[in-house]
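Presented below is the structure to which this report refers.
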Amino acid sequence: MKKAKEKEKELEEMDESFGIGALLREEQLKKQKKRGGNVETEPSSGGLIVGHSVQDFQEGRETILVLEDKSLLLDGEDADEEILINPNMVENERTKIKC
Numbered sequence: 689m690k691k692a693k694e695k696e697k698e699l700e701e702m703d704e705s706f707g708i709g710a711l712l713r714e715e716q717l718k719k720q721k722k723r724g725g726n727v728e729t730e731p732s733s734g735g736l737i738v739g740h741s742v743q744d745f746q747e748g749r750e751t752i753l754v755l756e757d758k759s760l761l762l763d764g765e766d767a768d769e770e771i772l773i774n775p776n777m778v779e780n781e782r783t784k785i786k787c
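Numbering-wise (our numbering), the sequence shown opens with residue 689 and increments by one.
What follows is the structure, encoded as structure tokens:
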């Protein structure tokens with residue numbers, strides 16, 4: 689366990705020294721913009737991506753967001769993305785599409 693944490697720290701340092709970390713963050717932001725969701729980069733989100741547009745939220749109301757479900761076997765570009773969603777808002781969007 690200790691070796692794994694040391695290796696992880698070493699890899700993160702290498703990413704930062706070569707600028708790869710910034711490139712990965714930039715790629716994630718581009719993907720989210722293509723999806724049409726809100727790109728949240730404020731520290732309040734903890735670096736997570738909000739899966740709804742700003743217009744979907746009602747001013748003055750609190751909205752609870754949870755992590756979006758995803759396959760444990762997911763490989764590829766989206767495997768490391770953590771997206772915050774509100775299940776009720778997702779269901780409302782599905783209903784709008786069906787009508």
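We treat Cβ as the ideally placed atom computed from N, Cα and C, and that holds for glycine.
Ile-773 versus Ala-692: straight-line alpha-carbon distance, rounded: 31 Å
Range of the contiguous alpha helix (DSSP H) that encloses Ile-785: 775–786
Local conformation of Leu-772 per DSSP, three classes: strand
Just verifying my parser: in three-state terms, what is the DSSP assignment at Leu-717? helix
If contacts are defined as beta-carbon pairs under 8 Å, then Glu-700 and Leu-736 qualify, I think. What distance do you get, rounded to the angstrom? Glu-700 to Leu-736, Cβ: 18 Å. No contact.
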